[in-house]
Amino acid sequence: MQRLIPVLNSDHVPLHLISVINTLLTAAKEISHRLHQGSLAGTLGSTLDANIQGEVQKKLDVVSNQLIKNMLLETGLVHAVASEEEDDVVMGNPDAKYLVAYDPLDGSSNIDINGAVGTIFTILEKPDHPAEGTELFLQTGDEQLAAGYILYGPSTLLVMTTGRGVRVFTLDHTVGEFLLTVDKITIPQDTQEFGINMSNQRFWLPPMQQYIADLLAGSTGPRKKDFNMRWNAAMVSDVHRILTRSGIFSYPMDYKDPKKPCKLRLLYEAMPMSFLMEQAGGRSSTGYERIMSIQPTHIHQRVSVIMGSRNEVDTCLGYFKQHPCTRPDSI
Ligand code: F6P
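Counting in UniProt numbering, the sequence shown runs from 1 upward without gaps.
Structure, rendered in structure tokens:
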């Protein structure tokens, strides 16, 4: 089985970019180790703090963020990092060109129940025009150089793309290396599985309400086939299921809280996952626009997400065309 670095070399990924990716993975191996230790490492549970999003920080959120941030900045190859757990951009080497945005531990409510969690990352380049701090990261998904996630489940997996398809590497704990286990992921275009937090149903926009109602009606409804539902409450593992065996995943915008119509973050959740989806032949949209084309306005910006098997996402988007409604982000 091939190791990560020769695979990236054969794709002509620049050496410094390979070093940045490899450094992220060194941090991920340490996170994987601490997750495996669980209560024995004394890192389960919450801190007394909240992050910029107002969410309670788990101890492992904080530890993972520090590990990734410090290791990346120590390479001297990173100009700046943006993290879910940092209010602002953290600057590194002024002469370096890489920018890394990451969610250190996605789905962290799963930590204390020994469920799957993950690290999501995207790597960009310093823009050509003069930019500082936050402005550096205000680039569309199409400008990503590399993106992916590390899924800490029964196995620790790296799923990533540099724009030449999606590969899966599995961490071999005996040698401490990520080894290539799937060379090219292609998402089936059709599916009978969906993932959405059904408890928000009454707050969804009319097109989403109607789309899910038709899935639930199954073989007796207009779709004329039964659908199954899966929800892990960790985007990394819900997206991984789609990349592995098809599906549609959504955290759509809703009318629940007018101040927060969307939940998932564009820069370090939706954008990298959309890059993977498209590279694997899937589709990714807000319901109204392609996520990869969105021009971000803030590093912690939130966005509506509908992604997965191409034909199923297209079907869902058809409902948005057929049922025009007031967007909660315009109220
Ligand atoms: O980043 C937020 C996140 O944990 C995602 O990984 C996941 O898809 C979602 O929130 C789960 O949200 P909820 O708790 O509403 O099911």
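Idealized CB from N, CA, C, for every residue including glycine. Bear in mind the structure is a predicted one, so any value in this text is a computation, not a measurement.
Item	Value
Bounding residues of the alpha helix (DSSP H) (the contiguous stretch that carries Pro-207)	206-217
Helix, strand or coil at Leu-17 [DSSP, three-state]	helix
7 Å Cβ shell around Leu-215 - same chain, five flanking residues per side excluded	Phe-194, Arg-223, Phe-227
Through-space distance from Ser-109 to His-240, alpha-carbon basis	18 Å
Own chain residues within Cβ distance below 8 Å of Lys-69, not counting five before or after	Val-81, Ser-83, Glu-86, Val-90
When Ala-233, Leu-205, Glu-289 are compared against Tyr-255, the one with the closest alpha-carbon	Leu-205
Alpha carbon of Leu-73 to alpha carbon of Pro-14, nearest angstrom	18 Å
Coil, strand or helix - Phe-227 by DSSP	coil
Start-to-end residues for the beta strand (DSSP E) that takes in Ile-123	117-125
Residue nearest to Leu-158 in terms of C-alpha spacing, selected from Val-63, Ser-237, Gly-281	Ser-237
CA nearest to the CA of Gln-37, picked from Tyr-152, Asp-172, Asn-200, Phe-320	Tyr-152
Enclosing alpha helix (DSSP H) for Pro-104 [first to last residue]	Pro-104 -> not in any alpha helix (DSSP H); beta strand (DSSP E) instead, spanning 98-106.
Spatially closest choice to Asn-197 from Pro-324, Ser-10, Ala-233, by CA coordinates	Ala-233
Reduced DSSP secondary structure (H/G/I, E/B, other) of Arg-202	helix
Classification of Lys-58 by the beta-carbon crowding that lies within 10 angstroms, buried from 16 upward	buried
Contact test: Asp-112 Cβ vs the ligand F6P heavy atom, cutoff 6 Å	no
Pick from Gly-163, Thr-161, Thr-181 that is closest to Thr-170, judged by C-alpha positions	Thr-181
Residues that Glu-278 bridges to, as DSSP identifies them	In the DSSP output, where bridge partners are listed per residue, Glu-278 has none listed.
Whole-angstrom C-beta distance between Ile-120 and Pro-272, which should lie under 8 Å	5 Å
Helix, strand or coil at Glu-193 [DSSP, three-state]	strand
Pick from Pro-296, Gly-118, Arg-230, Thr-286 that is closest to Leu-267, judged by C-alpha positions	Pro-296
Through-space distance from Lys-97 to Met-307, alpha-carbon basis	30 Å
Cβ-heavy atom distance, Gly-318 to the ligand F6P, below 6 Å	no
Distance cut-off 6 Å: Ala-41 Cβ against heavy atoms of the ligand F6P	no
Neighbourhood of Asp-183 by C-beta, 7 Å cutoff - its chain only, sequence neighbours within 5 removed	Arg-167
Residue burial classification, His-79 (beta-carbon count within 10 angstroms, cutoff 16)	buried
DSSP state of Leu-8 mapped onto helix, strand, coil	helix
heavy atom of the ligand GDP below 6 Å from Met-229 C-beta	Questions concerning the ligand GDP fall outside what the structure shown contains, since the ligands it does hold are the ligand F6P.
With 16 other Cβ atoms within 10 Å as the buried cut-off, status of Met-235	buried
Pick from Lys-263, Gln-322, Gln-301 that is closest to Ala-101, judged by C-alpha positions	Gln-301
First through last residue of the beta strand (DSSP E) which encompasses Val-182	177-182
Straight-line gap, Gly-42 to Leu-124 (C-alpha atoms, nearest Å)	35 Å
Simplified DSSP assignment, three categories, for Met-1	coil
Nearest-angstrom Cα separation, counted from Val-313 out to Ser-285	8 Å
Proximity winner among Lys-126, Gly-218, Lys-321, Pro-258, relative to Glu-289 (alpha-carbon distances)	Lys-321
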